[in-house]
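Note that the sequence shown covers residues 1 to 138 in the numbering used here.
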Amino acid sequence: MPRNALLLLSRVLLAALFVPSGIHALSDIAGTTGYFASLGLPLPTLAAWGTGLFELIAGLLILVGFQTRVTALLLAAFCIAAGFIGHYGQGGGDAMLAFLHQQMLMKDIAISGGSVALAMAGAGAWSVDGRGYRMWNA
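Written out as structure tokens, the structure is:
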């Protein structure tokens with residue numbers, strides 16, 4: 001498969017996680033706030049709005065390939081932070097919940113790795129970044 005098609009596929013797959021997650025967080029702000037409050041986060045309503053908006057906007061930026069390198073690095077940092085805040089050591093005495101949270105932490109770390117790889121590779125030619133790059137460097 002050509003490089004640009006693979007970069008587009010990676011952007012679509014990352015966006016498929018973040019865009020719906022952002023929409024869900026924003027459409028159920030009370031539930032999102034409740035989850036953040038249960039984690040002991042200060043200002044859980046602000047955290048809920050900030051997280052939902054960040055996931056939605058960053059996901060859309062990745063999808064269209066605009067400011068991809070910076071956005072992908074921000075998403076990588078976000079995933080590491082979210083993984084450790086939301087999943088590390090969670091589950092209490094319930095072995096199944098502890099296992100699920102451990103898996104979610106590892107998923108966040110893996111997504112972070114994919115985001116770093118996208119930041120290194122860039123969005124490719126089939127993106128806003130790729131079109132702008134050609135326009136300025138033709």
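The beta-carbon is built from N, C-alpha and C at its ideal position, and this holds for glycine as well.
Let me know the secondary structure DSSP gives residue i once reduced to three states.
i       : result
His-87  : coil
Gly-65  : coil
Asp-108 : helix
Pro-42  : coil
Ala-125 : coil
Gly-130 : helix
Gly-50  : helix
Gly-93  : coil
Ala-119 : helix
Using the rule of at least 16 other Cβ atoms within 10 Å of the residue's Cβ for burial, across every protein chain shown, is residue i buried or exposed?
i       : result
Leu-13  : exposed
Asn-137 : Since pLDDT at Asn-137 reaches only 44, below the 50 mark, its modelled position is unreliable, and no value is offered.
Arg-11  : buried
Ile-62  : buried
Ser-27  : exposed
Leu-118 : buried
Asp-129 : buried
Ala-110 : exposed
Asp-108 : buried
Ser-127 : buried
Phe-84  : exposed
Phe-99  : exposed
Ala-95  : exposed
Among the options, which one has its Cα closest to the Cα of residue i?
i       : options                              : result
Leu-7   : Arg-131, Ala-121, Val-128 and Val-70 : Ala-121
Thr-51  : Ser-127, Phe-78, Gly-93 and Met-96   : Phe-78
Thr-45  : Leu-56, Leu-53, Thr-32 and Arg-11    : Thr-32
Phe-112 : Leu-75, Leu-61, Val-64 and His-101   : The sequence given here has Ser at residue 112, not Phe. Checked all of Leu-75, Leu-61, Val-64 and His-101; the closest Cα to Ser-112 is Leu-75.
Leu-53  : Gly-40, Phe-36 and Ala-25            : Ala-25
Gly-34  : Ile-23, Gly-124 and Ala-48           : Ala-48
Leu-56  : Gly-89, Ala-16, His-87 and Leu-41    : Ala-16
Within the continuous alpha helix (DSSP H) that includes residue i, where are the two ends?
i      : result
Gly-22 : 3-27
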